[in-house]
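Working notes, structure below.
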Amino acid sequence: MSTHALTTKSAKRLAAVDRFLTFIRVFLVALIVVGLLAFVWQQIDADNPFARWRNPDARGLTGDQFKGLLISGLSQGSMYGLIALGYSMVYGVLGFINFAHGEVFMVGAMTGFIASEKFAANGMWEQNFVLCLLLIVLMAVFFSTFTAVLMERIAYRPLRNSPRLIPLITSIGVSFFIQNFVLGLFGPASKSYPRLPDWLSKQRSILTFEIAGTRLLVLVVAAVSMVGLWYVVERTKTGKAMRAVAEDKEIAALMGIDVNRTIVTTFAVGGAMAGIGGILWGLMFRSVTHMTGFLPGVKAFTAAVVGGIGNIGGAMAGGISLGSAESIAPMVILEPLGVPGVSQLKDAVAFTVLVLVLLFKPSGLFGERLSAEDRA
Amino acid sequence: MNARAMTLPRSAVDQDWRHVLRWGLICGLALVGLCLVGMPVELDKRAIIERHLSLGYLFVLMVPIGVGWVSSTLVALEGVENRRQGLYDLVTGLVVGLIGGGVLSLLMVGLDVWNLRDPLVNWSPQLFRFLTYENGMGFGAAAWLGTGALLGLVGAALHVVPAVVRRTTAFVVFGLFFLSVLEAAISDLSEGFGLESLTDWLYAKKGGLTVTSTVVVGLVIALASLATRGRVKAVTERYRDMEGVERQKASTILFVVIAVLCIVLPMFLGKIMNELLANVGIFLLLALGLNIVVGLAGLLDLGYVAFFAVGGYTTAVLTSPNSPWFAPELHFGVSLVFVVLAAALTGLMIGAPVIRMRGDYLAIVTLGFGEIIRLLFMSDWLGPYFGGAQGITNIPGVDLGFATVKGTDPRSVFYLVLVFCAIAIYTSWRLQASRLGRAWMAIREDEQVAEAMGINTVNAKLMAFVVGAVLASFSGAVLAAKVGSIFPTSFMILVSIIILVVVIVGGMGNIAGVLVGSFVLIGVLGGPKQPGLLQEFQNYKLLIYGVLLVFMMLKRPEGLVPSARRSRELHQDEFLQDAWLEGDKLDDEEGVAVAAAPTTVPGGGEGGEEE
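Here you go:
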């Protein structure tokens, strides 16, 4: 939105807000810089006065600790990335935030739980883990895709041409509905995935990084899905149609593209990615509730904005940056500033990242890809 | 559906079978979904008509009627001769209901044969007993096929019968339903007036209306609806058309009546009902604030709960002796000044960064701020100041000299809330027609155009945030005084969303709509933690809120009680089309004027131009 060309009278008023925003920007940057400097100082020499200034009992991080944070940030971030793809693609095509996409992810995780529990009950989980994993991934992808497509058909298609906020509000309703429907179906108890086989979950050492097998699996699967999605979007005809629809629906229709079908495909692909993400979440954290989708969903949207909405590579990169920021920043910036109980502020950090990105570079780190009308 | 309307059917059996099958399956799946969520069994505990009809059965029976009605709706086309509805639609409804009943019977068979209790918690013998009326499989299946078909038929028949019958039926059914829902309120009230005999006659001992009272009251409502046909509408029309002194007089009378009712009624109500009213008031206050932000200015603030929290915590810190860091133990009234300041400041702090963002980014960022504020209140970092997860306890009530307002005396809390609500309603009402209010509405409609018209959009938006924040903080202050303690868990995002549902269901941008929304939703279903009249809904109200939000957005985005201007905006295409159709009759110049400026169509009551 171009708000700068204004009359002189209100330009004066605008400046007050702008000055305030500049102040916030400077303050936040200063905070981050001071925190980082204090951290670096602390790492070099643990007993200097600057490092001790805010937090006298900071111990700093050992190399292994730092690597651990990085790995957990990366694996969590790649999951955010997988979910963010759905947000990003839907926003690119339809121009609204599908708030209920986090719930699609939750449906995937929930399906994975039910299937894996059944497999574990008849012993297949231990005997033939790889086959089971494939099967639960397939099922989760199926149900997530189904949810996403159904959602589009029932709730979003009739609203295709309404004002932008209307589908967003609808999607909040959809999200609420799915959460509570799942709560009604499966009960409020937290559900835990069966134990993973030892060969998968044991610690491995790769390039001096100590990494749990599960996290490695998450990283590999996320990378593979990402490449697959990239191939679909950039190299196939369907992908071309999707890009065309994202650019301009009417002209795409004139070119003989079935817009409805393409939009359904977009939802389906996003849903499939969220389904895979759901299984990975289940394997990594091993517990699922009906609320599992909410926070990862909002954070994944943040990731999509960080990477530049509508930009598929950006969504993945945004997810990874957000995941790392969320896991590293509390220890590296907040701890040296003397904030106690930093791990509680993980979510707050993620939201602050969103505010920061929107304050400094609203189009995201890698640029947004939207049609002209959506950019307004 | 369109194809159905185009080609006229030759006979009643010449149905569009794909359409019928689709709606039949939708009906069936809705029924199965309802059952598996556990709603019928849970709601079966609440009787509507003695032991003949429970809320649980009502919910199940509603589905075929609704789907029967929807599936046999004729899509009327402009300029095409539409066929009369008749036997054909009855058959549609019948078959749709029959298929629905069939699917439900299949569920029953499934319940009997397999045990899926493990993932599906409601796959239970209770559900089986509920569905079979405790009479075994065969009876249940036959009964559901029969009732399904019958109800589908009833749903479709509503299109066929004359409008008078439809209207009267609707009045009777909804009247009886509300009478039954309001059981607690009515018996409480009649106890206050010493009319226990009325309650005893009206309601059965185990809850629900008695059969005789159902028949009698039903007849009374039917007669009343027949007698008043068209009159109520005429009266409201006349009120709307009044001008000047006459209108002022009528409004004053209306106002006095409502004010007296609000002041007198609670005296006759018991503790529970007053508590309920106080809760409704707290949420009404929030909804009025959000109505300014979302309804008037069109800024979708999903973190609205942040201001609620700020109000609550400021009051707690300033009045409670248990405040961990700074406890001046001020009087509620004095602390209110600081509450307003703190809320306005928070409104500016949250508003300033988001003001330039696109509408949907604004929604997510405010959601983020709402979470950040809750997480900060909960964290160990600010724990020494705000008590962390333990919150702040021992907040004193409001000492008024002659009485103390505190949670143990819900009536006093209600009066306190009433004062704040009156202030909020007055403010919103005055703001609506003011220069600022019109600026908000212009921004909501089209920001760029508003800016081009010389409206300072940044200031207007900030003001919306500040006013909304102050109203929400009042609500928070009342909550703190009422509950006597304050915890971060009271300020989940859930609260924001429930208030959003209230505003949207009631009618965005309309004070009367917000009032209706809070009474219907918070009063009947209940708030995030507070129970409503239908306590059985406790586990399902969020589900229903979700469904309502989607439904309203799809079918009636302007809400139950729409604001004239807002609904014109939402149905702009239709208004333009109407104006275009009318334009044929009018002379050209006028037609263009109407089409070009749909917001200044007479009857809106507000002038659209800036001075």
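As you go down the protein sequences, you meet chains A and B in turn.
Take the first sequence: its position 10, counted from the start at 1, is 10 in the working numbering, and no numbers get skipped.
When you read off a place in the second sequence, starting at 1, and then add 1000, the result is the number in the working numbering.
Backbone N, C-alpha and C fix where the C-beta goes; we use that ideal spot for every residue, glycine too.
- At the C-beta level, A:Phe105 and A:Gly277 come within 8 Å of one another.
- Just measuring C-alpha positions, the residue of A:Leu295, A:Ala268 and A:Glu326 sitting nearest B:Ile1364 is A:Leu295.
- In this structure A:Met139 is in contact with A:Thr111, their Cβ atoms being roughly 5 Å apart against a cut-off of 8 Å.
- Contact of A:Asp347 with chain B is assigned, a C-beta pair being separated by under 8 Å.
- Contact of B:Leu1120 with chain A by beta-carbon distance below 8 Å involves Leu185 and Phe186.
- Under the 8 Å criterion on CB atoms, A:Gly341 is classed as interfacial with respect to chain B.
- In the three-state scheme derived from DSSP, where H, G and I count as helix and E and B as strand, B:Val1483 is classed as helix.
- Beta-bridge pairing by DSSP links A:Phe209 to A:Ile206.
- Against chain A, the beta carbon of B:Met1062 has no neighbour under 8 Å; the closest one sits roughly 17 Å away.
- Interface flag for B:Pro1396 against chain A is unset, since no Cβ pair is found closer than 8 Å.
- Taking the Cα positions, B:Val1561 is about 43 Å away from A:Phe23.
- By the C-beta density criterion, B:Arg1430 is exposed, having fewer than 16 other C-beta atoms within 10 angstroms.
- Between B:Asp1044 and the set B:Gly1218, B:Gly1368 and B:Gly1207, the nearest pair of CA atoms involves B:Gly1207.
- If the five residues before and after B:Glu1569 are omitted, its C-beta is found closer than 7 Å to the C-beta atoms of Glu1445, all from its own chain and listed in chain order.
- From the beta-carbon of A:Arg164, the residues of chain B found nearer than 9 Å are Arg1358, Gly1359 and Asp1360.
- Check the Cα spacing between B:Asp1112 and each of B:Gly1101, B:Leu1104, B:Phe1128 and B:Gly1097: the tightest is with B:Phe1128.
- Counting only runs that start and end inside the region 318-372 of chain A, there is no beta strand (DSSP E) element of at least 3 residues.
- Taking a cut-off of 8 Å on C-beta distances, the region 237-244 of chain A does not touch the region 95-109 of chain A, as fewer than three cross pairs fall below it.
- Distance check between B:Ala1481 and each of B:Leu1515, B:Thr1314, B:Met1357 and B:Ala1170 places B:Thr1314 closest, using alpha-carbon atoms only.
- Contact between the region 251-267 of chain A and the region 183-201 of chain A is absent: fewer than 3 CB-CB pairs across the two stretches fall below 8 Å.
- Taking the beta carbon of A:Ile172 as reference, the chain B residues within 8 Å of it are Leu1302, Ile1497, Leu1500 and Leu1549, listed in sequence order.
- About 5 Å separates the CB atoms of A:Val332 and A:Phe39; that is less than 8 Å, so the two are in contact.
- For the pair B:Gly1056 and B:Phe1177, the CB atoms are not nearer than the 8 Å cut-off.
- Interface criterion met: the Cβ of A:Val298 is under 8 Å from a Cβ in chain B.
- Of the candidates A:Met273, A:Phe209, A:Gly256 and A:Val220, A:Met273 places its Cα closest to the Cα of A:Val232.
- Fully contained in the region 1106-1170 of chain B are the following alpha helix (DSSP H) runs of length 4 or more, in chain order: 1125-1132 and 1137-1160.
- In the structure shown, B:Ser1225 adopts helical secondary structure according to DSSP, grouped into three states.
- Rounded to the nearest angstrom, the gap between the Cα atoms of B:Gly1370 and B:Leu1286 is 15 Å.
- DSSP, reduced to helix, strand and coil, places B:Tyr1239 within a helical segment of the structure shown.
- Residue-level contact check: B:Ser1379 touches chain A, since one or more beta carbons of chain A fall below 8 Å from its beta carbon.
- Spatial neighbours of B:Val1095 in its own chain (CB-CB distance under 6 Å, excluding positions within 5 residues in sequence) are listed in chain order as Val1020.
- Measuring C-alpha to C-alpha distances from B:Val1417 to each of B:Val1478, B:Leu1494 and B:Ala1316 identifies B:Val1478 as the nearest.
- Comparing alpha carbon positions, the residue from A:Leu196, A:Ile178, A:Leu219 and A:Leu334 closest to A:Gly123 is A:Leu196.
- Interface criterion not met: the Cβ of A:Gln43 is under 8 Å from no Cβ in chain B.
- For B:Tyr1203, the pairing in a beta bridge is given by DSSP as B:Leu1209.
- Residue range Lys1271 to Leu1290 is occupied by the alpha helix (DSSP H) that includes B:Ile1272.
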